[in-house]
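Chains H and Y, in that order, are what the protein sequence lines are.
Per our numbering, residue 1 is the first one in the first sequence, and the count goes up by one each step.
Per our numbering, residue 122 is the first one in the second sequence, and the count goes up by one each step.
All C-beta atoms in this analysis are idealised placements derived from N, C-alpha and C, irrespective of residue type, glycine included.
First comes the structure, then the notes that go with it.
2 protein chains.
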Amino acid sequence: MSASVQKHDVFQAIADPTRRDILRLLAEKELSILEITGHFPMSRTAIAKHLHILSEAELVSGRKIGREKRFRLQPESLDELKQWLSYFEQFWNNKLSMLKHIVENQNETDLKVIKTDPDKL
Amino acid sequence: MSASVQKHDVFQAIADPTRRDILRLLAEKELSILEITGHFPMSRTAIAKHLHILSEAELVSGRKIGREKRFRLQPESLDELKQWLSYFEQFWNNKLSMLKHIVENQNETDLKVIKTDPDKL
DNA sequence: TCGATATGAAACCAAATGGTTTTGTTTTTC
DNA sequence: GAAAAACAAAACCATTTGGTTTCATATCGA
Chain H
1 MSASVQKHDV FQAIADPTRR DILRLLAEKE LSILEITGHF PMSRTAIAKH LHILSEAELV
61 SGRKIGREKR FRLQPESLDE LKQWLSYFEQ FWNNKLSMLK HIVENQNETD LKVIKTDPDK
121 L
Chain Y
122 MSASVQKHDV FQAIADPTRR DILRLLAEKE LSILEITGHF PMSRTAIAKH LHILSEAELV
182 SGRKIGREKR FRLQPESLDE LKQWLSYFEQ FWNNKLSMLK HIVENQNETD LKVIKTDPDK
242 L
């Protein structure tokens, strides 16, 4: 029963376009919930929920100032995303690695064709 | 009625951990649906659905070879993710930009406190 | 002190998500 | 030509998601 409310991770957090837009806004400056809501065609409660999810992913942090709660960007968590991305970069940014990858795959394909359908040659 | 089946984008595609694992697998080599399924505790149909979503996001491409369909990584689409990330990098990787950002936000905060609660000083 | 402001929290809802099982089609293989 | 293999497509289902409305609480300003 407990521990069932699985925290959101960075990948889920940025999956929603509204949340990505919120991050853009907060990159500019710290903003209250109402100020953020002003930029979107939805209710304050909806925005508050998005902020909660972004908080869980530690992409934003909020602090109470008087009666309002102001949020700011906490970009460090985006590093997890960058790390994940970096693994795949060898397959497209680095031309040599990419070429190597393609050639290796092509060889496998050829072997497969030879094995399963020799008439095609 | 038509055009309602909204295509998945890269952000949604990588939100699911199973799909991220599939991408890792396909980075190694081209694989058929059944070969991929062998790595996961779920049915072939479930994997096929994940592959369909990854295809929509153009992160993988599939081609029929005989009776099997083999998928390979198509990493170019990850560039959209990289572009998105790059906007935020100024706020944490570049120490100078980050410091500038923090200082600017801190100034705003101070002004706010002065304006709304002068007694606190 | 009292009304307005800013938020928190809960109940509710439709649609999307991530899985299943079932049925059908194409391609191999013997 | 028939059985098996690999997949596609569809129906179904529980849970999550992304929104709403409603109500409660804390703080500010006159």
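Can you name the residues of chain H whose CB is closer than 8 Å to the CB of residue i?
i, result
"Y/K128", "Under the 8 Å cutoff, chain H gives no residues; its nearest Cβ is about 13 Å from Y/K128."
Going by CA-CA distance only, name the one from the options that's closest to residue i.
i, options, result
"Y/T166", "Y/L175, Y/I154 and Y/H160", "Y/I154"
"Y/L172", "Y/F212, Y/S207 and Y/R140", "Y/R140"
"H/Q90", "Y/D137, Y/V131 and Y/E197", "Y/E197"
"H/K29", "H/F88, H/P41 and H/G62", "H/G62"
"Y/P162", "Y/A136, Y/L194 and Y/I143", "Y/I143"
"H/L124", "H/L59, H/R24, H/H8 and H/D16", "A query on residue 124 of chain H cannot be resolved here, the shown segment of chain H reaching from 1 to 121 and no further."
"Y/R189", "Y/E177, Y/H160 and Y/E156", "The sequence given here places Glu at residue 189 of chain Y; Arg does not occur at that position. Comparing Cα-Cα distances from Y/E189 to each of Y/E177, Y/H160 and Y/E156, the minimum goes to Y/E156."
"Y/D137", "Y/L146, Y/I174 and Y/G159", "Y/I174"
"H/L73", "H/G66, H/H39 and H/A57", "H/A57"
"H/A13", "H/S55, H/F88 and H/A48", "H/S55"
"Y/F209", "H/I65, H/R24 and H/K49", "H/R24"
"Y/H129", "Y/H160, Y/W205 and Y/K170", "Y/K170"
"H/F71", "H/I47, H/S43 and H/K82", "H/I47"
"H/F11", "H/S86, H/E80 and H/W92", "H/E80"
"H/K64", "H/T37, H/L31 and H/L26", "H/L31"
Would you mind reading off the limits of the beta strand (DSSP E) that contains residue i?
i, result
"H/N53", "The question names Asn, yet the displayed sequence has Ile at residue 53 of chain H. No beta strand (DSSP E) contains H/I53, which is instead part of the alpha helix (DSSP H) from R44 to E56."
"H/R63", "V60 to I65"
"Y/E189", "E189 to L194"
Given that residue i touches chain Y, what residues does it touch there, using C-beta distances under 7 Å?
i, result
"H/D82", "Here the sequence assigns Lys to residue 82 of chain H, which means Asp is not the residue at that position. Residues of chain Y passing the Cβ test: L206."
Using a Cβ cut-off of 9 Å, pull out every chain H residue sitting near residue i, in sequence order please.
i, result
"Y/F161", "Near Y/F161 there are no residues of chain H at all, since even the closest Cβ is about 18 Å away, more than 9 Å."
Identify the continuous alpha helix (DSSP H) that holds residue i and give its terminal residues.
i, result
"Y/Q77", "Here chain Y comprises residues numbered 122 to 242, so residue 77 of chain Y is not present and cannot be evaluated."
"H/I22", "P17 to E28"
"H/F11", "V10 to A13"
Residues from the region 187–199 of chain Y in contact with chain H, defined by Cβ distance under 7 Å: G187, R193, L194, P196, E197 and L199
Members of the region 136–157 of chain Y near chain H, C-beta cut-off 9 Å: A136, D137, P138, R141, L144, R145, A148, K150 and E151
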